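Working notes, structure below.
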Amino acid sequence: MRKFLKGVTLGLALVCSLSSLTACGKKGMDATTLLTATDTIKVAENEVNFTEAVTSQLFKDGYVVAEAGFAVSYTVKGDDPTCNWICSGGLYVELDGFEVDVNDDGETDGNLWHNIVVYQDPKQSVKDANACLHIIESGVYSVRTRNEGAEYVTTMPFSVAYNPIDVVIAYYNEAYYVMLDRTFKVKLTAETTFDQTNKTQYLNEFFAPRTRKIGFRSTNAPTTFTNINVNIGDEAAKEAIKDMGLN
């Protein structure tokens with residue numbers, strides 16, 4: 263097993279087997295051990311509210327992953343019923359030490375990050391829409407809108423995007439394994455054929471073996487996260503993948 267950065271024992275102390283990420287995940291861990299309350303983020307034991315769009319926060323120091331796997335589960339709900347084409351928040355992954363120029367001004371503006379959210383496809387459809395995994399990327403395009411990023415359209419019906427959705431994401435061996443509402447599951451790699459990769463430059467880095475910091479981000483609307491569980495390490499990731507029924 264690869265080594266983790268100092269402090270990772272905080273994550274390992276949350277060993278609830280991967281059933282913890284999906285079954286026991288209904289209870290979730292104490293969110294105050296993961297995130298810090300701010301003017302725009304409200305943190306309680308069982309719930310985290312991002313009260314504004316386009317807001318991110320990394321989990322606390324014990325949840326830094328040095329070229330190793332991890333498993334995260336949560337229930338996410340958009341808090342704006344008029345924003346019905348996107349489940350408005352999700353896992354935020356920052357690549358430590360990989361700086362990018364967001365404003366194209368010749369100066370670095372922070373580490374490269376990606377944000378996994380769930381959209382409708384076709385967007386803003388009141389019926390016959392499927393869930394679409396959407397990977398938003400920072401960089402010179404400063405991606406914000408629904409038409410920019412990498413998209414993977416699933417076969418799971420998803421007509422009302424501001425309803426809660428259960429998400430499990432595991433990263434292991436240069437691949438992300440995703441399960442939505444225990445209904446749809448998929449393995450994504452750098453070789454995956456995405457339905458769109460509009461205005462993405464660093465999608466390969468999203469999968470590459472780098473040091474990652476993880477957290478949450480709200481995208482187009484205020485967002486609530488509940489039933490949160492996080493486990494760090496290859497073994498936790500493999501347990502999650504096994505629980506999903508993926509190889």
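Under our numbering, think of the first position of the sequence shown as 263, with each following residue one higher.
C-beta: ideal position from N, C-alpha, C; glycine also.
A quick note: this is a predicted structure, and the numbers were derived from the prediction, not measured.
Taking just the CA atoms, how far does residue j sit from residue i?
i, j, result
"GLU314", "ASN377", "16 Å"
"ASN346", "VAL430", "22 Å"
"ASN493", "SER318", "20 Å"
"VAL388", "VAL422", "7 Å"
"GLY324", "TYR433", "17 Å"
"MET506", "ARG444", "8 Å"
"MET291", "ASP363", "36 Å"
"PRO384", "LYS304", "32 Å"
"CYS349", "ASN308", "19 Å"
"THR416", "GLN382", "10 Å"
"TYR414", "PRO426", "20 Å"
"ASP341", "GLU467", "31 Å"
"THR454", "GLU501", "23 Å"
Between the options, which lies nearest to residue i when the distance is taken from Cα to Cα?
i, options, result
"ALA391", "VAL380, SER400, PHE487, GLU329", "VAL380"
"ILE503", "ALA330, VAL362, THR416, VAL448", "VAL448"
"GLY372", "GLY359, ASP443, THR486", "GLY359"
"THR337", "ALA293, GLU356, LEU357", "ALA293"
"THR511", "ASN482, ASN311, LEU508, PHE478", "No answer is possible for residue 511: it lies beyond the span of the chain, which begins at 263 and ends at 509."
"THR295", "ALA306, GLN463, THR317", "ALA306"
"LYS339", "ASP428, TYR325, ILE397, GLU329", "ASP428"
"GLN386", "GLU361, THR416, PHE478, PHE420", "PHE420"
"VAL310", "ARG479, ASP323, TRP375", "ARG479"
"VAL326", "GLY495, ASP505, VAL362", "GLY495"
"TRP375", "VAL316, MET291, LYS304, PRO384", "VAL316"
"GLU497", "ASP363, LYS304, VAL334", "VAL334"
"LYS322", "ASN308, ALA299, ASP341, ASP342", "ALA299"
"LEU353", "ASP342, THR455, HIS396, ASN425", "HIS396"
Contact defined as beta carbons within less than 8 Å: I believe residue i pairs with residue j. What is the distance between those atoms, to the nearest angstrom?
i, j, result
"LEU450", "MET418", "Not quite, the Cβ-Cβ distance comes to about 15 Å (not below 8 Å), so this is no contact."
"ILE476", "PHE332", "6 Å"
"PHE487", "GLY351", "7 Å"
"TYR439", "LEU508", "5 Å"
"THR462", "GLU329", "The Cβ separation is near 22 Å, so there is no contact."
Exposed or buried, which one is residue i when buried takes at least 16 other CB atoms within 10 Å?
i, result
"PRO484", "buried"
"ASP301", "exposed"
"ALA452", "exposed"
"GLU361", "exposed"
"ASP457", "exposed"
One question on the structure: do residue i and residue j come within less than 9 Å of each other, judged by their Cβ atoms?
i, j, result
"LEU465", "GLU399", "yes"
"ALA412", "ASN460", "yes"
"GLU356", "LEU297", "no"
"PHE446", "ALA393", "yes"
"LYS289", "ASN435", "no"
Determine, for residue i, whether the minimum Cβ-Cβ distance to residues of chain B falls below 9 Å.
i, result
"LYS339", "Looking at the structure shown, chain B is missing, and only one protein chain is on hand."
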